[in-house]
Structures are given as structure tokens and as C-alpha cells.
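2 protein chains.
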Amino acid sequence: MDKRRITLKDIARELGISVSTASRALNSYSGISEETIKLVKDYAEKHNYVPNSIAVNFRRNRTMTLGMIVPEVVHPFFSSIISGAIAATNQHGYRILLGQTDEKLPNEKLACRSMLSGSVDGLLISVSNETKDFEHLQEFIDEGKPVIQFDKFLENFHTPKVITDDYESAYEAVNHLIKQGYRRIAHINGLLEVKNSMDRLKGYKKALEDAGLEFREEWVPHCKNISEEEGYQFAQELLNLPQPPDAFFCITDLVALGVMNYLKSQGIQVPKQIGVMGFSNWKIAEVMSPGLSTVEQHGHQMGMKAVNLLVQLLKDQSLGSNETYKIDSDLIIRESTLN
Amino acid sequence: MDKRRITLKDIARELGISVSTASRALNSYSGISEETIKLVKDYAEKHNYVPNSIAVNFRRNRTMTLGMIVPEVVHPFFSSIISGAIAATNQHGYRILLGQTDEKLPNEKLACRSMLSGSVDGLLISVSNETKDFEHLQEFIDEGKPVIQFDKFLENFHTPKVITDDYESAYEAVNHLIKQGYRRIAHINGLLEVKNSMDRLKGYKKALEDAGLEFREEWVPHCKNISEEEGYQFAQELLNLPQPPDAFFCITDLVALGVMNYLKSQGIQVPKQIGVMGFSNWKIAEVMSPGLSTVEQHGHQMGMKAVNLLVQLLKDQSLGSNETYKIDSDLIIRESTLN
DNA sequence: TTGAAAGCGCTACCAC
DNA sequence: GTGGTAGCGCTTTCAA
């Protein structure tokens, strides 16, 4: 093993030219004869020469690799973001180094550390629920490596951001419920420290307000894990309230599934008696019966946009500003809200 | 931008020692005084020294990065493999460079090329449907870089393989259908050129044979895209046969979903009139109604196993042999087959 | 149009 | 126990 490919030196020696000439010929620099170029390229082709990319990177002080850190790979939304990101990187000749945090800050720090100092040219990150400050991310900036935040972000960490408009999407979702005649709308939210949860909550509140509907704290429980179990649990609790809600706007489709399961277990009719709305448009939303109304977030597009932005910054040798790019979401209406 | 971190040279200069001493101190080599080690480490810590990993890699001729190529990231099975792989790489100090082929050979070749010559120390790959030969994979071997195939593999490319036992799993799945009383079992298969499809087909045939049941070619259509639409279509075609089947064993849960949808559209009762069995245990299998019986493939475990194998080969400086490691699968029984 | 040579940051070999 | 230095493969400046 450890067979080595031929190097520039080998080519130069065999062809009786200098290493620098060989290098220039392969890169088709100006000021080199067609003849030499052909000679070198043919030789390289014939002997299957591939430049040692570590050496090239070392010399050029870049890696043509983008770091991408997500909370969870096994999550339809994030995997579609990853897929879009890979597609876009390929177009630009970059590659994706992928890290995963499982929503744990220590994991995030580890992933960052392993990408610092030469492993990547820039970073795409969706921060974990536990992430409150950004020293570990600032290190990239300090190295002159641009950072793009997507989906889950820290507001006070000033980088370009690519996100779903959670406020607007939630507003529209709740507004749809209202138009369908639901009046006592609960919102199973996430942790308030997470920006996305907070924004969805704000959109929810605003929609209620604009419709002159009552906001009740007790109708807004907060999931820690955004799990099916929590959905089930909270549906049960809320429906046993003296004033139970008549609709549930859920932070994600998985939570909505838990809600649906509880309603089913109680023989409660959806959408007749209770309306249910999810968020994210996972495949399960389509498969549930009744079909779950939800919000499509276009993850693939988000991944592509984030990469395109980062590549542009790299091209411009810029760290970017604090702009926010919103990826349009779409309300997907299925049976679960068609009262 | 382009601020640089301090280098070994800086440390050496500031501390009035040589670069080599500084290097040895940081790596805690033997033959260096405790005093110097402390001095250097403290200084490094204080000035936030991080070794330039490109330089280290260049020097050591390795990258601590494993290439991973999958057909599709947005696929519950593959994303759980990726997740397991990342978890395992982190434990070993490696990272994952991720590529995606969309089941296209040209994409696979591109992904390979971009990982060759110094970008990764070894490769984990699940080949595309179009992949028939392996010159592009052989290049890794020729460079002395070990390759592990997982899930979708080329039999004649001799590397370690980590797979689901498709034959056995299919056998068990069909056997379960038989035990439930189904007698005319169809199998919606994939393309025969794909090893996994072929193996599941074999398992299916063997189960029928062992039970003395009839095998009918017309009951075994082949999906090109393994899609929901194909499931729907084939269910329709097969049920319009003079001799329609009374159960469907589907190559994947998504195809089973299509089958279920067709049956539902026709008011056919599952499992009463027709039994349906999927493969892979996606979340949709649990959500469908009736719940879909299927086969759990333990993707996370497969990803971890593949990485552990690769890391071991790297440690042993070996390219590995042609062994096959089978990850146990589990039959998950839900309503759709409980006749 | 080409060659010589420096040097990227680090490791490791050879002296002392 | 420490320093000096070669050199990994490549790009790029300077000279010719």
C-alpha cells in the first residue's frame, strides 16, 4: 500500500524541464509555449497525474472545503438543506465537511474546533438549542473565515443569515386556522430561548391579535425536545383544561403527530372538532390521516442559498455583513384544518 | 480579514527556543523537560495557538478525513447511516467529507475525483444504481487508501462490505406473510442489476419455495425509481391480473405507501383482503394507517460499523480483505400484515 | 518562454 | 534536552 501518484517533480525530470515550467503548463499560465503545454499535459494525462491537493491547499492556504454543522442529520428538513448545500458546492468546486451536534453545545464546539485552522475555508452553521454565545464561532471570523448562519441562528452574532421567516409563516398558518373558523387556538411551542420558537410564537400572537382573538398563556406549552411524546402529552393536558382549545398550531410536524395520536385515542374528530396544523412539511404530514396542514420550508433551496452566499464571500474575500435572507415558505393545506 | 493565527515559529521566537523544541513540547514527545513543556503549552494556550492542520496534514501525508458518498442524503436510511458515521468518526478524531450522487454515475465519479489525492484518508461508499464497474473506486486503492462499501455495493469490487442481509431479511418478511395466511404474494422489486434488489428477490423466492407456494413472474414488477407512484401503478396492474395477488412485499416503505394508497382508493381492506409489507422502517411506516409492517435496517449502526472498520484499516495500514459484515435487521410487525 | 529557488508550517532526523 | 535543518509538493517571484 501507500503507492504514491507521480508528482510534478517526476514530470519535470522525465520531460527534462523544470518544476516551475511543468506547474505553469498544467495551469495554462500565460507566457508558456503551446508546445510545452501540450507536452506536459499529454504526459500528465498518460501517467494519470493528479495534483496532490494537500500540497496545493497548503501552498494556497485554502482547502476548497466548506464546513457545515447541523443539529441533526436525521431530520427531513436538515437533510434537505444538506442535499441542497452539496449540490451547490459541487457547482463551485467546493466540498462539504459535515458535522453534527445533537443539539449539544460541547459537540458544537468540538465540531468547530476540528474545522478551524485550515480544514475549511468558511463555515455554514445552524446552531444547537444550547448555543447562547459565539466565541467558538467568532474564531472563524478571527481567522478571516466567513460564517453563514442558517435556520437556527444567534441574533447577536453578526453574520449573513439564511432563514425561514418564522414570524410570517406562523402568522399565515394561524391566520388560516382563524379563517377556517377556529377560535381557541393553542400553540405548542418550543423553548423560548430558541429564536425560531420565539418568532413563531410572535407570529401566532400577532395573528390572534389581528383577529381580535384571545391569547392565553396556558394554551402555549413549550416542548423541550420537540418530540411526538410531548405533542401527545400537551394535547392531553390542554384538552383537560376548563377552557380547552379547538385547534393546535404545532412547532413541527412530529409534535403534530403526537397531538393527532392523542386526539385519535380519544375519538376526537379532526378537523371537525379540533384543527391541527404542523410545521416543516415532512413526508409524515402527507401520510397522516387526516392529512396534516403544514408549512413547507424549502430546505434544499436554503442549503443552496447558504452555500452560494458563502462562495461569493470567499470570492470577494469578504466576511459579509449582518444581512438576513429569507427563504419563502408555503402554506400547505390538507384535511386537518379544513373545518 | 485573513488574520493569521500564531505559528510555531512565533512561539519559538518569543520563547527564545527552537521550532523543533516547541513542536516536541506541544506534542509531549519524550526527551523534553517538563519545564519546557509547561512553558510552551502555557504560551500556546494563552495565545490561542492552534496548529495549522493543512500543514500538519501535508507533512504527515494524511488528512484525518474520511470520504463518504451516498446516493441520497434526503433518505431516512442514508441519513441515519451518515449520522452514525459522524458519531463514530468523532470518537476517532476523524471527520466526514460528504458527497451525494443522486444515483448518477457521473456524479459519483466527480465526487470520487474530488476526494482523491490527499483530500481523504479512506472512502466509505454506497454506490449508485448506475455503477457497474469500479475504476473510479480502484483509484483509491491504487493510492493506498482503503475503501469500505456499505449497503449498495459491487460484488466484484473486493473490499470490506457492511450491509443488511437482504436475502435473509426478505426471506423473513415473506415468511411472516405466509404465516399470516397469505398465499399469493407479489413482490414489487427494484432493478435487477442492483444487488440489493436481486438479493431480496432471492429471499422472496426461497420463502415461497420453502412453503410450497407458487412463484409467478407476473407478480414481480421492477421499480426504476423506487417511488410511491410506481407502488401505486404496480398495485393497480397486479390487482387487475386474472390471478391477482393477496399480498405485496415491497422493496421499500415508500413503494408500500403507493400500494396502500391504491388499495385505499379502491376501498380494499388492509390487512383483511390484502396484506402489505414494506422495507426500511421509515417514520411513514409507523404513521400510515393501518401501520405498515416492515424491516428495520439499523442505519446508525451500519454507519458506525463502516467507520470503525475503516479507522481500523487506517491504523493497521491495511487495505482490508473481501469480508462482508452483516448488520442485523429486525422484522417490525404492524397491522398491515395481521390478517 | 523558461529555470532557479524561496517558502508555506510543520515534523523528524541528525548533531551536539 | 535542545537546536539546526531538510523536506513534504506545490506556486510564484525574480532573473535570465
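Protein chains in written order, with my numbering: chain A, 41 to 379; chain B, 41 to 379. Beta carbons are placed, not taken as given, at the ideal position from N, Cα and C, and that holds for glycine. These numbers come from a predicted model, not from an experiment.
For the segment 272-294 of chain A, enumerate the residues whose C-beta is nearer than 9 Å to any C-beta of chain B, in chain order. Leu294
Could you give the C-beta distance for Ala128 (chain B) and Asn348 (chain B), rounded to a whole number, given that I count them as a contact under 8 Å? Here residue 128 (chain B) refers to the residue found at position 88 of the second sequence. Here residue 348 (chain B) refers to the residue found at position 308 of the second sequence. With a Cβ gap of about 6 Å, Ala128 (chain B) and Asn348 (chain B) count as contacting.
Any chain B beta carbon closer than 8 Å to Leu106 (chain A): The count along the first sequence starts at 1 and reaches residue 106 (chain A) at position 66. No, its Cβ sits nowhere closer than 8 Å to a Cβ of chain B.
According to the Cβ coordinates, are Met328 (chain A) and Ala213 (chain A) closer than 8 Å? Counting from 1 along the first sequence, the entry for residue 328 (chain A) is found at position 288. Counting from 1 along the first sequence, the entry for residue 213 (chain A) is found at position 173. It is not a contact, given that the beta carbons lie outside the stated cut-off.
Nearest-angstrom Cα distance between Met41 (chain B) and Leu194 (chain A)? By 1-based counting over the second sequence, the position of residue 41 (chain B) is 1. By 1-based counting over the first sequence, the position of residue 194 (chain A) is 154. Its pLDDT being 39, under 50, Met41 (chain B) is placed unreliably in this model, and the coordinates cannot settle the point.
Simplified DSSP assignment, three categories, for Arg135 (chain B): As a working mapping, residue 135 (chain B) is identified with position 95 in the second sequence. It is a strand residue.
Between the CA atoms of Leu163 (chain B) and Leu106 (chain B) - distance to the nearest angstrom: Numbered from 1 along the second sequence, position 66 holds the residue referred to as residue 106 (chain B). Numbered from 1 along the second sequence, position 123 holds the residue referred to as residue 163 (chain B). If I take the Cα positions, the gap works out to 6 Å.
Taking buried to mean at least 16 other C-beta atoms within 10 Å of its own C-beta, is Glu54 (chain B) buried or exposed? Here residue 54 (chain B) is taken as the residue at index 14 of the second sequence, counted from 1. It is exposed - the Cβ of Glu54 (chain B) has fewer than 16 other Cβ atoms within 10 Å.
Quick one: which chain B residues come within Cβ less than 9 Å of Gly139 (chain A)? On the first sequence, position 99 is the one that residue 139 (chain A) refers to. Within chain B, the residues near Gly139 (chain A) are Ile126, Asn130, Arg135 and Ile136.
Looking at C-alpha atoms only, which residue of A:Glu269, A:Ala65, A:Gln276 and A:Tyr207 is the closest neighbour of Tyr244 (chain A)? Translated into the one-based positions of the first sequence, residue 244 (chain A) becomes position 204. Selected option, being the one with the closest Cα: A:Tyr207.
In the DSSP assignment, find the unbroken beta strand (DSSP E) run with Met108 (chain B) in it and report its ends. The count along the second sequence starts at 1 and reaches residue 108 (chain B) at position 68. Its beta strand (DSSP E) spans residues Thr105 to Val110.
How long is the line joining the alpha carbons of Ala275 (chain A) and Phe117 (chain A), rounded to whole angstroms? Residue mapping note: residue 275 (chain A) aligns to position 235 of the first sequence, counting from 1. Residue mapping note: residue 117 (chain A) aligns to position 77 of the first sequence, counting from 1. Rounded to the nearest angstrom, the two C-alpha atoms are 24 Å apart.
Tell me which residue opens and which closes the beta strand (DSSP E) that Thr204 (chain B) is part of. By 1-based counting over the second sequence, the position of residue 204 (chain B) is 164. Taken as a continuous stretch (DSSP letters only), the beta strand (DSSP E) holding Thr204 (chain B) covers Lys201 to Thr204.
Secondary structure of Thr364 (chain B), DSSP reduced to three states: Indexing the second sequence from 1 puts residue 364 (chain B) at position 324. In the structure shown, Thr364 (chain B) sits in a strand (DSSP, three-state: E or B).
Between A:Leu281, A:Phe319 and A:His176, which has its C-alpha nearest Ser267 (chain A)'s C-alpha? Position 227 of the first sequence, counted from the start, is the residue given in the question as residue 267 (chain A). Of A:Leu281, A:Phe319 and A:His176, the residue nearest in Cα terms is A:Phe319.
Would you mind giving the Cβ-Cβ distance between Phe289 (chain B) and Leu232 (chain B), rounded to the nearest angstrom? I have them listed as a contact below 8 Å. Position 249 of the second sequence, counted from the start, is the residue given in the question as residue 289 (chain B). Position 192 of the second sequence, counted from the start, is the residue given in the question as residue 232 (chain B). Wrong, their Cβ atoms sit about 16 Å apart, outside the cutoff.
In chain order, what residues of the same chain lie with their CB nearer than 8 Å to the CB of Asp293 (chain B), ignoring the 5 residues before and after it? Within the second sequence, numbered from 1, the residue matching residue 293 (chain B) stands at position 253. The residues are Gly318, Phe319, Ser320, Asn321, Trp322, Ile324, Ala325, Leu332 and Thr334.
I'd like to know whether the C-beta of Lys323 (chain B) is nearer than 8 Å to at least one C-beta of chain A. Stepping through the second sequence from its first residue, residue 323 (chain B) is reached at position 283. Taking Cβ atoms only, chain A reaches closer than 8 Å to Lys323 (chain B), which makes this a yes.
Per DSSP, Leu371 (chain B) is paired with what? On the second sequence, residue 371 (chain B) is found 331 positions in, with the first residue counted as 1. The partner list for Leu371 (chain B) (beta bridge, DSSP) reads B:Val335.
So what does DSSP say about Arg189 (chain B), is it helix, strand or coil? Indexing the second sequence from 1 puts residue 189 (chain B) at position 149. Here residue 189 (chain B) is Gln; the residue named in the question, Arg, does not match the sequence. Residue state, collapsed to three classes: strand.
Exposed or buried, what is Leu353 (chain B) when buried is set at 16 or more other beta-carbons lying within 10 Å of its beta-carbon? The residue you call residue 353 (chain B) lines up with position 313 of the second sequence. Result: buried.
Quick one: list the residues of chain B neighbouring Pro330 (chain A), beta-carbon separation under 7 Å, in chain order. Locating residue 330 (chain A) in the first sequence gives position 290, where the first residue counts as 1. Here the premise fails: no neighbours, minimum Cβ distance about 10 Å.
Relative to chain A, which residues along the segment 78-92 of chain B have a C-beta separation below 7 Å, given in chain order? Val90, Pro91 and Asn92
Does any residue of chain A have a CB that is nearer than 8 Å to the CB of Leu150 (chain B)? In the second sequence, residue 150 (chain B) corresponds to position 110, counting from 1. Interface residue, yes.
Under 8 Å: do the segment 138-152 of chain A and the segment 164-172 of chain A share three or more Cβ pairs, one atom per stretch? yes
Where Asn101 (chain B) falls: helix, strand or coil (DSSP): As a working mapping, residue 101 (chain B) is identified with position 61 in the second sequence. In this structure, Asn101 (chain B) counts as coil in the three-state DSSP scheme.
Using the Cα positions of Phe255 (chain A) and Leu248 (chain A), report the straight-line distance between them to the nearest angstrom. Locating residue 255 (chain A) in the first sequence gives position 215, where the first residue counts as 1. Locating residue 248 (chain A) in the first sequence gives position 208, where the first residue counts as 1. Looking at the two C-alpha atoms, the distance is approximately 7 Å.
Beta-carbon proximity list for Asp205 (chain B), same chain, < 7 Å, skipping 5 on both sides: Here the question's residue 205 (chain B) lines up with position 165 in the second sequence. Closer than 7 Å at Cβ, skipping near neighbours: Lys366 and Ser369.
Which bits of chain B does Thr204 (chain A) rub up against, with CB to CB less than 9 Å? As a first step, residue 204 (chain A) must be located in the first sequence, where it is residue number 164. The contacting residues do not exist; Thr204 (chain A) stays about 17 Å from chain B at best.
Can you tell me which residues form a DSSP beta bridge with Ser320 (chain B)? Taking the first residue of the second sequence as 1, we reach residue 320 (chain B) at position 280. Paired residues: B:Glu336.
Closest by CA to Val295 (chain A), which one among A:Gln131, A:Gln140, A:Met238 and A:Gly230? As a first step, residue 295 (chain A) must be located in the first sequence, where it is residue number 255. The shortest C-alpha separation from Val295 (chain A) is found at A:Gly230.
What does Ala213 (chain B) pair with, by DSSP beta-bridge criteria? Within the second sequence, the letter at position 173 stands for residue 213 (chain B). According to DSSP, Ala213 (chain B) bridges with nothing at all.
Looking at C-alpha atoms only, which residue of A:Leu150, A:Ile51 and A:Ala287 is the closest neighbour of Lys219 (chain A)? Residue 219 (chain A) sits at position 179 when you count from the first residue of the first sequence. It is A:Ala287 whose Cα lies nearest to the Cα of Lys219 (chain A).
Does the distance from the CB of Ser60 (chain A) to the CB of His340 (chain A) come in under 8 Å? Sequence index remark: in the first sequence, residue 60 (chain A) carries index 20 (1-based). Sequence index remark: in the first sequence, residue 340 (chain A) carries index 300 (1-based). The answer is no: Cβ separation not under 8 Å.
Does the distance from the CB of Gly139 (chain B) to the CB of Ala125 (chain B) come in under 8 Å? Here residue 139 (chain B) is taken as the residue at index 99 of the second sequence, counted from 1. Here residue 125 (chain B) is taken as the residue at index 85 of the second sequence, counted from 1. Against a cut-off of 8 Å, the Cβ pair of Ala125 (chain B) and Gly139 (chain B) comes out as no contact.
Candidates B:Arg99, B:Glu375 and B:Ser93, of which the one nearest Leu156 (chain A) by Cα: Here residue 156 (chain A) refers to the residue found at position 116 when the first sequence is read from its first residue. Measuring from the Cα of Leu156 (chain A), the nearest candidate turns out to be B:Ser93.
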